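**Q** Got a structure for you, questions after.
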Amino acid sequence: MDFDTDSCYNTPAIDRHGNLNLGKSVCESPSTIGGCRDRSDLENNNVYSRARCNNGWCAYMYGYYFEKDQIAGCRGHMHDWEHIVVFVHDSVPKYVSASAHGRYEMRAWKDLFVDGTHVKIVYHKDGRGTHAFRFAKADDDAVQENHLGKWFYGDLVGWNGFPSIAVRNKMTAKSWGSAKIDFKDERFKDSLENAIVAQGNTPYVIDMRTDIDFGSPGMPAHCSDHFWPLED
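Okay, so the sequence shown: first residue is 1 according to full-length UniProt numbering, each after it adds one.
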């Protein structure tokens, strides 16, 4: 993951004690990155993951929380959730869908810039609009714009890796305004379907049943599980 210089860093949405992130008002600062792009955000970082497996496929959804999504001035909204879905067939990554403005764009794994098992995605300001994910291009792969100057991978919290179900339920039950959590129970199936058919008449074929959960892991086996506190 990288973040263009006009874009916030993702942060924890909740801490282990159940304290929710209050977000940032878009009127708090005239800057699109005011109060939401500090190096410490990368050092105190969570990404949320949920998997669904069946019929030889696993879909791994990764959820990223941002404290605001600011266009300019007071335009935009507090809170943003964006998602990435990696579709794996027989343990081999095949396709990736990335969210942008409530929709998904899908591409084949072979056509993307990747780092081992990680796809390279950039969080950016989409022209004069709000922020969204996009697939990395050659110039993104050459230079990363975050404070670390390299591709960044936040600490993962799997669906079964929360300190308690009560903490998980509190996060998924909260209204985040116009931003939505796609991996919560009520949205997970439909969000996976939307991610699969994101291209309309797509040449990509994923024959998985999004409403069936067969021994799905809470998170990919290669990822460690950490739970960070909220920053003051």
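Glycine included, C-beta positions come from ideal geometry on N, C-alpha and C.
Keep in mind that this is a model prediction, so the values were computed, not measured.
Residue range of the alpha helix (DSSP H) that residue 233 falls in?
**A** Given that the chain is displayed from residue 1 to residue 232, the structure contains no residue 233 and the question cannot be resolved.
**Q** I'd like the list of long-range same chain contacts for I14, defined as Cβ closer than 7 Å, with 5 residues on each side in sequence excluded.
**A** Once the five neighbours on either side are set aside, the close Cβ partners of I14 are L20, N21, V167, K170 and M171.
**Q** For K137, does the three-state DSSP call read helix, strand or coil?
**A** In the structure shown, K137 sits in coil (DSSP, three-state: anything other than H, G, I, E or B).
**Q** Answer yes or no: do Y104 and A195 have a C-beta to C-beta separation smaller than 8 Å?
**A** Against a cut-off of 8 Å, the Cβ pair of A195 and Y104 comes out as a contact.
**Q** Can you check whether the CB of D2 is closer than 8 Å to the CB of W151?
**A** Yes, these two residues count as a Cβ contact at 8 Å.
**Q** Report back the beta-carbon spacing between V47 and G35 to the nearest angstrom; my notes put them in contact at under 8 Å.
**A** In fact, because the Cβ distance is near 20 Å, the residues do not count as touching under 8 Å.
**Q** If you draw a straight line from the alpha carbon of D80 to that of H17, how long is it in whole angstroms?
**A** Roughly 22 Å separates the two Cα atoms.
**Q** Kindly give me the distance between the Cβ atoms of S49 and G158, rounded to whole angstroms, as I take these residues to be in contact under 8 Å.
**A** The Cβ separation is near 5 Å, so the contact holds.
**Q** Any heavy atom of the ligand ZN inside 7 Å of the beta-carbon of N45?
**A** With respect to the ligand ZN, the structure offers nothing, as it holds no ligand at all.
**Q** Kindly indicate which residue of V96, I71, H77 and S7 has the alpha-carbon position closest to the one of H83.
**A** Nearest option by C-alpha distance: V96.
**Q** By DSSP, does S40 sit in helix, in strand, or in coil?
**A** Correct three-state label for S40: helix.
**Q** From M78 to D182, what distance separates their C-alpha atoms?
**A** When rounded, the distance between both Cα atoms is 17 Å.
**Q** Run through DSSP, which three-state label would A166 get?
**A** Reduced to three states, the DSSP call for A166 is helix.
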